[in-house]
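Chemist: As numbered in mature numbering (1 follows the signal peptide of the UniProt record, and there is no 0), residues -18 to -1, 1 to 107 make up the sequence shown, in order.
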Amino acid sequence: AWLAFAAFCIVGLPPSDLTVEKMILTQCPVCAAPLPHTSAKQCSRCKTRYCGPVCQKQHWEQGGHDKLCRKIRKGGGAEQYNANKKYTEAVAVAAEECAEDTKGQTCYICTQALHWKTKEGLVRM
């Protein structure tokens, strides 16, 4: 998104006219077989690629793709969706672990141990 915005500011083209590289899924999400750059089977809505129709059907029926498909499309594709999900989980774990380290310490900017409005410590949860 940042690249599209920066290009819009510099070139003046709307984001739909800009070519922005998307992350490409390199393995079948069901069997982990390597995928060629042009795959025969892909979800028509979110463009998740599969090694074949058997894996696509299995992912839809048993893998939960039917519930995630719209979220994947909205999130920029399967690879970007999964990267964002892992990032969010990692940030939550890091914040939780760091919160214990800063418990009871004072912020030297606002001189408070807890934020006056959110009642959070030095690490936002």
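Here a beta-carbon is modelled for each residue, glycine too, at the ideal position from N, C-alpha and C.
How about residue 59 and residue 29: are their beta carbons less than 8 Å apart?
Modeler: Taking 8 Å as the Cβ cut-off, residue 59 and residue 29 qualify as a contacting pair.
Chemist: Quick one: Cα of residue 13 to Cα of residue 40, how far?
Modeler: Going by the C-alpha atoms only, they are around 10 Å apart.
Chemist: By alpha-carbon positions, which one of 38, 25, 26 and 27 ends up nearest to residue 15?
Modeler: Selected option, being the one with the closest Cα: 38.
Chemist: Leaving out five residues on either side along the sequence, give the residues of the same chain with a beta carbon under 8 Å from the beta carbon of residue 99.
Modeler: Closer than 8 Å at Cβ, skipping near neighbours: no residue.
Chemist: Just to confirm the assignment, what range does the alpha helix (DSSP H) spanning residue 75 have?
Modeler: Start and end: 60 to 83.
Chemist: Assuming residue 7 and residue 31 form a contact by the criterion Cβ under 8 Å, report the distance between their Cβ atoms to the nearest whole angstrom.
Modeler: About 5 Å separates the two Cβ atoms, so the contact holds.
Chemist: Which term fits residue 63, buried or exposed, when burial requires 16 or more other beta carbons within 10 angstroms of its beta carbon?
Modeler: Its Cβ being crowded by 16 or more others within 10 Å, residue 63 is buried.
Chemist: I need the straight-line Cα distance from residue 128 to residue 35, nearest angstrom please.
Modeler: Lying outside -18 to 107, the shown extent of the chain, residue 128 is not represented and no answer is given.
Chemist: What are the boundary residues of the alpha helix (DSSP H) that residue 41 is part of?
Modeler: Run containing residue 41: 35 to 43, per the alpha helix (DSSP H) assignment.
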